[in-house]
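K.L.:
Next up is a structure, given as structure tokens.
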Amino acid sequence: MSEFFNQYFDFHVMGEHFWEVLEAFLQNLVIFAVAAALALIWGLALALLRQLPGKKLLPIRFITVAYIDLFRAIPILIIILLISGGVPFLSFIPQSIRIPHWFGKPDPFWYGVAALVIVYGAFTAEVYRAGIEAVPGGQMEAARSLGMNHWQAMRHVIVPQALTLIPAPMLNEMISLLKDTTLISVIAFSEAVLVSREVLSERLNSSAMILTAFFFVIIILPLARVVDRLIARNQGKIARGSHIEVA
Amino acid sequence: MRQTRLTALLAVLLLALASVAAVGCGGGSDTSGTSGAGGGEGGGGGEPLTVGSDIPYPPFEQGKPGEYTGFDVELMEAIGEKIGRTPEFQDTSFETIFRDVGQGKFDAAMSAATITEEREKAVDFSNPYYLSEQAVLVKEGSPIKSLKDLEGKTVAAQQGTTGLELAKEELGGSEIRPYPEGPDAINALKAGTVEGVIIDAPVAQHAVEEGGGIEIVEKVATEEDYGIAVAQGETELLEEINKGLEEVEQDGTYTKIFEKWFHAPPPKAVFSATHEAE
Amino acid sequence: MAETMVKLQGICKRFGSLEVLKGVDLEVGRGEVVCILGPSGSGKSTFLRCINLLEPPEDGEIFIEGNDICKGPGSGTGEQSWELNYVRQRVGIVFQQFNLFPHKTALENVTLAQERVLGRSKQEARAKATELLERVGLGDKLDQYPERLSGGQQQRVAIARALAMDPHVMLFDEVTSALDPELVKEVLDTMRELAEEGMTMIVVTHEIGFAREVADRVVFMDAGVIVEEGPPSQVLENPQQERTKQFLGLVLDR
């Protein structure tokens, strides 16, 4: 049993590598911040494209739905490896974009962010869609009857209401995204999991990995609680007969 | 209507997967190495000897489960014949390999692994079976001509290897990228996302021979001896392996295998290389 | 005869294979108040919604103030074959479910479309909104959110919201059906005032009393067609058609 503690909870190892792992964990947070911001925007764009009305715009809706279906289905790891393994060879793309070193971050960082945004754009688009569709149909009718066109109605009436319905599921997606930043370790970006593996092979001890897990837990656990409370509050609202909230 | 279409689609997919699996499994391979299959051609019959190895790492170990081949694999099979054991190679990740052997997950580990003090805390090593050095790989025509030229540049190596350690020691100002597998690092070089790779010389040589526009610009003698690792305290097994290795070296089998994989005669020093297990 | 504000001819509407409107004609003059009665499923609400193109008809013609609002043959069915903007800016509608914007105050509900669609300045819109809300008796509720208002109050805000766009015709789709009985009167009073001020109104309703007192004309619809129409004294007191008699019998003898 003490073997177990030595292997996983060796506090000396944790102590010696604490700052190293923490610094690497901060990288995960940076990846998360960038990818989350971009994915939230991209997802909204996708959701709105999907809502475009009229027969003429059917091709756009179709492509959007196909994109969303496709990238919800392909594992992120595959996307990361496809991007990092293939893009550098696409010589028709100029080097500065093909192998990006923007804002001091090396190319694996950007390949990782790209993969995360591509996939989480699809997931967040579905969350937005649920919110939009949960807004009662009469809202759109009222807005259009007052003379607003589709975009005005979306911007002033539908989307603001949709946004109030989605914090809980959206936060769940963000939590998922934060954890998935660890996938970038496979393309040699020095985030927390990679560094923990290095310590592992150096010290033949997994305690740094436990430390990394710990960092994730203390950030995510409070967020998960917030989600729980948001959901409970929404259900309470329905019970008190206040206006809507279905999502 | 939609329901039945979905079910139909799933049924077809499952059927397709099942048939692919059936065809693919025709070779009768299994990586969980019970009796029979496992590594290459079974050696001299007798009790199986599970050998952990990080595959692929050409030319030392490569190939598909059930059809592993390479210098390590063939050498181990030859040793196995001498000592009456059948080696079964199992793919595993390099960074945990010594711990795994130490805890009995494998009988031995043979993975182009350098004998180091740190590693000896967990395992015991056989006599060296290969004398190596690190090589610096760059793209053909690159202005980089030596290890020092890589200072300040992006360098790749494999996680947990002595190549990575060398990079960290000598190239303090460079961005060092540790890839999970050796071939990943080499691919990054070919792709142009890194400017140099530090990796075991024979592996580098093999990669150059495979093509892709890369070349070795410097070899760094690091006095690296490769050994076969066993769990600490397994003195009997270790003695057997050492004996087998010696026999293989003496009857010319070693030279044959060496020349097959490295296209050159083996250095004399390896025949007399010994190592005291601690 | 006052000038014709709205003229519909041969309106047909289908939902899938179900024919809801089977050729309906209606002409409404300026300042006229027309009440449409009928059992549920008669198509009266659908007909009303055809007028402002919430349900674009499959067939038929619509004239607003003498102008044909169909974009011409060959433009297919659906929204894009009609002059949507022209219609929506002249025809206002009030819904059974109010459909107020819950994330906006009463005042904001009334100013939003004024600013975005008509391009009025903030002050203009506010002034107009305040005036209208005071007119419907909600001058003290300007900054309240809909969830704090009673059903009757919400509906009055909805009326003010539609009026703010200066429509020429107002449509009312069973606007009191979702209200508690004691709140119905305040809404009907507002509508009565509106009628007295000369607004052209087409009202789908179950409130026979209102129809009798306020309507210039009553239309009875059943199964997708107009069965009978005429002044309330005639249709309500002395119906000619069997179906009308049946319906009124059921509604009045309660």
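Residue numbers (this note's numbering), protein chains in the order written: chain A, 2 to 248; chain B, -3 to 274; chain C, 92 to 345.
Glycine is no exception: its CB is placed at the ideal position from the N, C-alpha and C atoms.
Specify the secondary structure class of P83 (chain B) as computed by DSSP and reduced to three states.
P.N.:
Note: P83 (chain B) maps to strand in three-state DSSP.
K.L.:
Looking only at DSSP bridge pairs, what is D231 (chain C) linked to?
P.N.:
Answer by DSSP bridge pairing: none, since D231 (chain C) is not bridged.
K.L.:
Would you list the one or two residues that DSSP bridges to D150 (chain C)?
P.N.:
D150 (chain C) pairs with C:C103.
K.L.:
Give the single residue among C:P193, C:E199, C:L109 and C:A255 whose Cα lies nearest to the Cα of R239 (chain C).
P.N.:
If we check each option's Cα against that of R239 (chain C), C:P193 comes out closest.
K.L.:
So which residues of chain A does P272 (chain C) contact, with C-beta pairs closer than 7 Å?
P.N.:
Within 7 Å Cβ-Cβ: nothing; P272 (chain C) doesn't reach chain A, min ~19 Å.
K.L.:
Quick one: what does DSSP say G23 (chain B) is sitting in, helix, strand or coil?
P.N.:
Residue confidence for G23 (chain B) is low, a pLDDT of 44 falling below 50, so the modelled location carries little weight and cannot support an answer.
K.L.:
Buried or exposed: where does S208 (chain A) fall if 16 or more other Cβ atoms within 10 Å of its Cβ makes it buried?
P.N.:
Buried: at least 16 other Cβ atoms inside 10 Å.
K.L.:
Give the range of the beta strand (DSSP E) segment to which Q154 (chain B) is assigned.
P.N.:
T150 to Q154 is the extent of the beta strand (DSSP E) around Q154 (chain B).
K.L.:
What does P161 (chain A) touch in chain C if you count any residue whose Cβ is under 7 Å from its own?
P.N.:
Those within 7 Å of P161 (chain A) in chain C are H194.
K.L.:
Identify whether E298 (chain C) lies in helix, strand or coil by the three-state DSSP scheme.
P.N.:
The answer is coil: DSSP assigns E298 (chain C) none of H, G, I, E or B.
K.L.:
If you draw a straight line from the alpha carbon of L11 (chain B) to that of D11 (chain A), how long is it in whole angstroms?
P.N.:
Roughly 49 Å separates the two Cα atoms.
K.L.:
So M312 (chain C) is in the beta strand (DSSP E); what residue range does that whole segment cover?
P.N.:
Looking at the DSSP string, the run of the beta strand (DSSP E) that includes M312 (chain C) is R308 to D313.
K.L.:
Between G132 (chain A) and chain C, is any beta-carbon pair separated by less than 8 Å?
P.N.:
Taking Cβ atoms only, chain C never reaches closer than 8 Å to G132 (chain A), which makes this a no.
K.L.:
Determine the closest residue to S324 (chain C) out of C:R308, C:D313, C:K336 and C:T335, with distance taken between C-alpha atoms.
P.N.:
When only C-alpha atoms are compared, the closest one is C:R308.
K.L.:
Under a CB-based cut-off of 8 Å, is S202 (chain A) close to chain B?
P.N.:
Chain B, which has a Cβ nearer than 8 Å to the Cβ of S202 (chain A), makes this yes.
K.L.:
With three or more beta-carbon pairs closer than 8 Å as the criterion, would you say the segment 186 to 194 of chain A touches the segment 11 to 31 of chain A?
P.N.:
With a cut-off of 8 Å, the segment 11 to 31 of chain A and the segment 186 to 194 of chain A count as touching, because enough Cβ pairs lie within range.
K.L.:
Would a check of beta-carbon distances place R81 (chain B) closer than 8 Å to chain D?
P.N.:
The structure shown contains no chain D; its protein chains are A, B and C.
K.L.:
Under 7 Å, CB to CB, which of the residues in the segment 176 to 200 of chain A have a partner in chain B?
P.N.:
Of all residues in the segment 176 to 200 of chain A, V187, A189, L195, R198 and E199 have a Cβ within less than 7 Å of some Cβ in chain B.
K.L.:
At what residues does the beta strand (DSSP E) containing S241 (chain C) begin and finish?
P.N.:
Looking at the DSSP string, S241 (chain C) is not in any beta strand (DSSP E), and its letter there is neither H nor E.
K.L.:
Taking CB distances under 8 Å as the criterion, tell me whether A105 (chain B) reaches chain A.
P.N.:
No - not a single Cβ of chain A is within 8 Å of the one on A105 (chain B).
K.L.:
Does the beta carbon of L147 (chain A) come closer than 8 Å to any beta carbon on chain C?
P.N.:
Yes, L147 (chain A) lies at the interface with chain C (some Cβ there is under 8 Å from its Cβ).
K.L.:
Given M141 (chain A), which residues of its chain have a CB within under 8 Å of its CB, disregarding the five upstream and five downstream residues?
P.N.:
Result list for M141 (chain A): A154, V158 and I159, in chain order.
K.L.:
Could you compute how far the alpha carbon of T251 (chain B) sits from the alpha carbon of E245 (chain B)?
P.N.:
For T251 (chain B) and E245 (chain B), the distance between alpha carbons rounds to 7 Å.
K.L.:
Could you say which of A:G138, A:I32 and A:A34 lies nearest to L145 (chain C) if we only look at CA atoms?
P.N.:
When each option's Cα is compared against that of L145 (chain C), the closest is A:G138.
K.L.:
Counting C-beta neighbours from all protein chains within 10 Å, is the total for E114 (chain B) 16 or more, i.e. buried, or is it exposed?
P.N.:
Per the 10 Å Cβ criterion, exposed.
K.L.:
What residues match up with V158 (chain A) in a beta bridge as DSSP calls it?
P.N.:
V158 (chain A) pairs with nothing; no bridge assigned.
K.L.:
Opposite I317 (chain C) in the DSSP bridges: which residues?
P.N.:
Looking at the DSSP assignment, I317 (chain C) forms a beta bridge with C:M312.
K.L.:
So, is the C-beta of P139 (chain B) closer than 8 Å to a C-beta in chain A?
P.N.:
Not an interface residue.
K.L.:
Would you identify the three-state DSSP class for S197 (chain A), choosing helix, strand or coil?
P.N.:
It is helical.
K.L.:
How long is the line joining the alpha carbons of I140 (chain B) and Q96 (chain A), rounded to whole angstroms?
P.N.:
If you take the alpha carbons of I140 (chain B) and Q96 (chain A), they lie about 19 Å apart.
K.L.:
By DSSP's criteria, Q58 (chain B) is part of a beta bridge. Which residues make up the other side?
P.N.:
Answer by DSSP bridge pairing, in chain order: B:T65.
K.L.:
Leaving out the 5 sequence neighbours to the left and right, which residues in its chain are closer than 6 Å to F67 (chain B) when beta-carbon positions are compared?
P.N.:
For F67 (chain B), where only same-chain residues beyond five positions count, the Cβ hits under 6 Å are P55, F56 and W257.
K.L.:
Relative to the alpha-carbon of E236 (chain B), which residue among B:D87, B:F121 and B:A14 has its alpha-carbon at the smallest distance?
P.N.:
Considering only alpha carbons, the answer is B:F121.
K.L.:
What did DSSP end up calling V97 (chain C) once you bin it into helix, strand or coil?
P.N.:
DSSP places V97 (chain C) in strand when its eight states are reduced to three.
K.L.:
Residues of chain A with CB under 8 Å from Q244 (chain C), in chain order?
P.N.:
Here the premise fails: no neighbours, minimum Cβ distance about 14 Å.
K.L.:
Taking Y125 (chain B) as part of the alpha helix (DSSP H), name the residues at either end of that continuous run.
P.N.:
Y125 (chain B) -> no alpha helix (DSSP H), and no H or E assigned at all.
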